[in-house]
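Going letter by letter, the sequence shown gives residues 4 to 312 in the numbering used here.
Backbone N, C-alpha and C define an ideal beta-carbon position, used for all residues, glycine too.
What follows is a single structure, written as structure tokens, with notes after it.
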Amino acid sequence: MTPLFTRAPSIRIAPIPTTRSISHSASSSKALPFGLNNLRSAEQNDGKVLRMLMFGKPGAGKGTLSARLVKKYDILSLSTGDLLRQHIAERTEVGRQAEEIVAQGNLLPDDVVLKVVTSKLEGLHNKHWILDGFPRTLGQGKMLDTHLQNQNSPLSLVVNLDVADGVILSRISDRWVHLPSGRVYNMSYNRPKVDGFDDETGEPLTKRPDDNPEIFSRRLKQFYDSTSPLLAYYASPANKSARLVTLQGETSDQIWPQLDAAVRRNFPGIRERAVSMAKWRYSLSDPFALEQEKRAMKRRAAAGSDALS
4 MTPLFTRAPS IRIAPIPTTR SISHSASSSK ALPFGLNNLR SAEQNDGKVL
54 RMLMFGKPGA GKGTLSARLV KKYDILSLST GDLLRQHIAE RTEVGRQAEE
104 IVAQGNLLPD DVVLKVVTSK LEGLHNKHWI LDGFPRTLGQ GKMLDTHLQN
154 QNSPLSLVVN LDVADGVILS RISDRWVHLP SGRVYNMSYN RPKVDGFDDE
204 TGEPLTKRPD DNPEIFSRRL KQFYDSTSPL LAYYASPANK SARLVTLQGE
254 TSDQIWPQLD AAVRRNFPGI RERAVSMAKW RYSLSDPFAL EQEKRAMKRR
304 AAAGSDALS
């Protein structure tokens, strides 16, 4: 999954992708005002609400596994990049500030990105969520942790996907993409019906420019430099709330049962979505299954409305 931001202490906004499989749509709700002093009730901090971060090397399967969680359970997936673009589009105070910084070609300071993220989190109350794209560094992690603790809504689960470097390198070397839709294929698993062509449109597949050993090595170094200290922080006594779980495997199919079990074990009250209780129509290896299912649900809902009119 191509990262929306550079992995650096500050963050740069990225262009809007053509397709996202799991992000919480920026158009579905208005950006909420930011307020550091809007404290939540302590009774909400009962340890049963999923407030989750997922870490892993580039290509480890974060997007695919997050999509499966969101498909199966009543969980919101929040993209930092989408939230930032939402604030800019709606001309909020922090959005105007961010737009000015971006227009000058500068990176957004951590405190600005924190405002973007927490303005959304503060409106979720006891909803389950996964945050994508923030934090990226130890400093950002401590800032987010302090804010959520002050809101009596601390992180409750941090997942580390431990996939060997060689496995990921082999995986991305076999990866092909249909750029207009974002559909991803792999020649080792999830092959297209016809090699080199998209299943739905028949259009040619291409290689992503960053799917090569040289760029992967650079991205891997960035991961170790920035994310490893962050994981050490979540594993330390300084982390008073979030449970750190490390999951190992070579494929998303191997890791998924471990992730599903960890969520069920730590959050037994989390509800499954109605669609997940029936037979899934799409392969779990398809990272775009969620978007397809959403569209199908909308069509069914529209047909139901027509029948009642």
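Check: Under 7 angstroms between C-beta atoms of Tyr236 and Gly136; Outcome: no
Check: Beta-ladder partner(s) of Trp179, from DSSP; Outcome: Tyr188
Check: Simplified DSSP assignment, three categories, for Arg276; Outcome: coil
Check: For Arg226, the first and last residue of its enclosing beta strand (DSSP E); Outcome: Residue identity differs from the one stated: residue 226 is Phe in this sequence, not Arg. Run containing Phe226: none in the beta strand (DSSP E); it sits in the alpha helix (DSSP H), Pro216 to Ala238.
Check: Proximity winner among Arg222, Leu111, Val187 and Lys224, relative to Arg211 (alpha-carbon distances); Outcome: Val187
Check: As assigned by DSSP and simplified to three states, the class of Gln251; Outcome: strand
Check: Buried or exposed by the 16-neighbour rule on C-beta atoms within 10 Å, applied to Pro157; Outcome: buried
Check: Assigned exposure category for Lys125 - 16 Cβ within 10 Å defines buried; Outcome: Strictly speaking, residue 125 in this sequence is Glu, with Lys absent from that position. Per the 10 Å Cβ criterion, buried.
Check: Three-way DSSP call (helix, strand, coil) for Val162 in this model; Outcome: strand
Check: Leu72 and Ile78 closer than 7 angstroms at C-beta; Outcome: yes
Check: Limits of the unbroken beta strand (DSSP E) element including Gly59; Outcome: Arg54 to Gly59
Check: Test item: CB-CB of Lys60 and Phe226 under 7 angstroms; Outcome: yes
Check: Which residues DSSP lists as bridging Trp132, in chain order; Outcome: Arg54 and Leu79
Check: Alpha-carbon spacing of Ser229 relative to Gly142, whole angstroms; Outcome: 10 angstroms
Check: Best match in Thr83, Ser173, Glu93 and Ile133 for proximity to Leu111 [C-alpha to C-alpha]; Outcome: Thr83
Check: Coarse secondary structure for Thr95, derived from DSSP in three states; Outcome: coil
Check: Beta-ladder partner(s) of Thr209, from DSSP; Outcome: Val180
Check: Continuous alpha helix (DSSP H) stretch holding Gly144: start and end; Outcome: Leu141 to Asn153
Check: Collapsed DSSP secondary structure at Arg194 in the structure displayed; Outcome: coil
Check: Endpoints, the alpha helix (DSSP H) within which Lys243 is located; Outcome: Per DSSP, Lys243 belongs to no alpha helix (DSSP H) and is neither H nor E.
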